[in-house]
Amino acid sequence: MATISDWERVTPASAPPFSVFTKSLQKSEQDDREYRLILLENGLEAMLVHDSKANKAAASLDVAVGHLRDPDDIPGLAHFCEHLLFMETEEFPRENEYSEFLAKNNGGSNAYTSTSTTNYYFNVATPALSQALTRFHSPLFGPSCTSRELNAVGSEHKRNHQSDM
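Each residue of the sequence shown is one higher than the last, beginning at 30 in the working numbering.
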């Protein structure tokens with residue numbers, strides 16, 4: 030278990046402060062990738078992986094909330110949020126701007142909701158990673174998207190329920 034002394038605070042000029050895990054991370058001897066574990070100001074941990082052989086950059090966010098955590102009175106909430114994350118953001122409020130940006134930069138995105146987690150991920154041409162991350166945060170749940178995606182999640186649930194029978 031990591032202690033406070035295992036982290037070093039970093040205060041870059043062009044980004045919010047964060048802390049870097051200073052102990053070595055265990056990995057296979059055959060793995061030549063570089064790993065760095067960081068702790069963001071909001072408490073989220075991020076694993077940064079550098080692979081010099083990769084031709085794309087990627088990011089993944091795994092949230093410890095899946096469909097079993099849905100409130101009883103709002104079934105499907107985790108899946109609904111999964112659908113909306115990629116639609117609009119505070120800085121880029123035009124619907125589907127994020128998907129269009131990824132497509133123009135040789136990338137794509139997807140997400141899935143399981144019983145205990147929801148995972149969002151994307152890949153993009155390496156030079157566009159910073160701009161893609163900027164578009165990845167601060168989602169908006171706009172009225173037109175909300176209504177449409179509510180119907181989409183309901184249809185998916187109905188289709189999946191029927192295929193279980």
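Note that the Cβ used here is the ideal one computed from N, Cα and C, for glycine as well.
- Taking the Cα positions, Phe-130 is about 17 Å away from Leu-113.
- Selection Ser-176, Cys-174, Leu-68 evaluated against Ser-34 yields Leu-68 as nearest (Cα-Cα).
- Here Arg-38 really is in contact with Ser-48; their C-beta atoms are around 5 Å apart, less than 8 Å.
- Restricting attention to beta strand (DSSP E) runs no shorter than 3 residues, the stretch 109-191 encloses them at 137-142, 147-154, ordered along the chain.
- Here His-79 is bridged, per DSSP, to Glu-63.
- Shown here, Asp-101 sits in coil according to DSSP, grouped into three states, outside any helix or strand.
- Per DSSP, reduced to three states, the secondary structure at Ser-48 is strand.
- In summary, Met-76 is exposed, with fewer than 16 beta-carbon neighbours lying within 10 Å of its beta-carbon over all protein chains present.
- Remark: C-beta atoms of Gly-171 and Glu-117 approach each other more closely than 9 Å.
- In chain order, Asp-91, Val-92, Ala-93, Val-94, Gly-95 place their CB closer than 8 Å to the CB of Thr-146, counting only its own chain and leaving out the 5 sequence neighbours on each side.
- Pairing Arg-164 with Tyr-127, the inter-Cα distance amounts to about 6 Å.
- Per DSSP, the beta-bridge partners of Leu-68 are Ser-48, Glu-74.
- Assignment of Leu-106 by DSSP, reduced to helix, strand and coil, places it in the helix class.
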